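S.K.:
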Amino acid sequence: MLNNLDEIKGMNMEQENAVKDLRARTCCFTGHREIPFLRRHHIAKVLKQELEKLIEQGVIYFGAGGALGFDTMAAQTVLSLKSKHPEIKLILVLPCKSQADRWSEKDRAVYEEIKLKADKVKYTSIEYTSGCMHKRNRHLVDNSSVCVSYMTKNTGGTAYTVDYARKNRVRVINLAEL
6 MLNNLDEIKG
16 MNMEQENAVK
26 DLRARTCCFT
36 GHREIPFLRR
46 HHIAKVLKQE
56 LEKLIEQGVI
66 YFGAGGALGF
76 DTMAAQTVLS
86 LKSKHPEIKL
96 ILVLPCKSQA
106 DRWSEKDRAV
116 YEEIKLKADK
126 VKYTSIEYTS
136 GCMHKRNRHL
146 VDNSSVCVSY
156 MTKNTGGTAY
166 TVDYARKNRV
176 RVINLAEL
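Going by the working numbering, the first residue of the sequence shown is number 6, and it counts up by one from there.
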């Protein structure tokens with residue numbers, strides 16, 4: 006993933022085409038931290054089905070933001086699909102190094118396990134700042150052609166990210182609608 010779309014400026018045509026191809030083969034995730042217990046099984050099933058379809062279409066890079074809830078579910082699903090599809094890669098794009106510092110011990114253990122199994126881990130900021138979450142979300146979208154989301158309300162970080170994706174002509178698949 007590029008650090009910034011500005012890096013495309015000044016590239017020759019061959020380099021630009023390579024970036025476009027990479028983006029066409031990349032999917033990002035965004036979703037709520039809270040997934041109702043009674044919906045978790047359905048969302049997990051639909052998520053796996055949609056990822057299988059994307060893999061069939063040539064998507065091999067999956068970018069997740071490392072948050073609790075849907076991001077964790079998505080990352081774990083990608084990791085579970087690697088045995089069947091060894092070509093796929095999980096890229097964690099994290100907002101800062103302290104993201105999980107205040108989480109429960111159990112949630113931190115899951116987070117650390119995902120980080121260990123990820124193919125790449127990138128931090129968009131070293132320290133927490135008021136804008137680091139938005140920076141992470143924009144980075145994920147800017148480097149993807151499709152965004153798989155779990156969005157049930159039109160407010161908050163997930164709604165911002167889905168809106169940003171749509172404005173940037175990134176295809177959005179909202180699992181809450183399936």
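Even for Gly, the Cβ is constructed at its ideal location relative to N, Cα and C.
Note that the structure is a prediction, hence the values are computed from the model and not measured.
Helix or strand or just coil, what does DSSP make of LYS172?
M.R.: Of the three classes helix, strand and coil, the one that applies to LYS172 here is helix, per DSSP.
S.K.: Select from ILE60, HIS47, ARG143, GLY70 the residue whose C-alpha is nearest the C-alpha of LYS243.
M.R.: Residue numbering for the chain in the displayed model covers 6 to 183; residue 243 lies beyond these limits and cannot be assessed.
S.K.: Would GLU182 be called buried (16 or more neighbouring beta carbons within 10 Å of its own) or exposed?
M.R.: Exposed, by the Cβ-count rule.
S.K.: In the structure shown, what three-state DSSP assignment does THR157 receive?
M.R.: THR157: coil per DSSP, three-state reduction.
S.K.: Whole-angstrom Cβ separation of TYR73 and ASP112, contact assumed at under 8 Å?
M.R.: Tyr is not the amino acid found at residue 73; the sequence shown has Leu there. About 6 Å separates the two Cβ atoms, so the contact holds.
S.K.: Using DSSP with H/G/I as helix, E/B as strand and the rest coil, what is THR31?
M.R.: Strand at THR31.
S.K.: Return the chain-ordered list of same chain residues with a C-beta closer than 8 Å to the C-beta of ARG30, the five sequence neighbours on each side being excluded.
M.R.: Within the same chain, ARG30 has close Cβ partners GLY63, VAL64, ILE65, TYR66, SER150.
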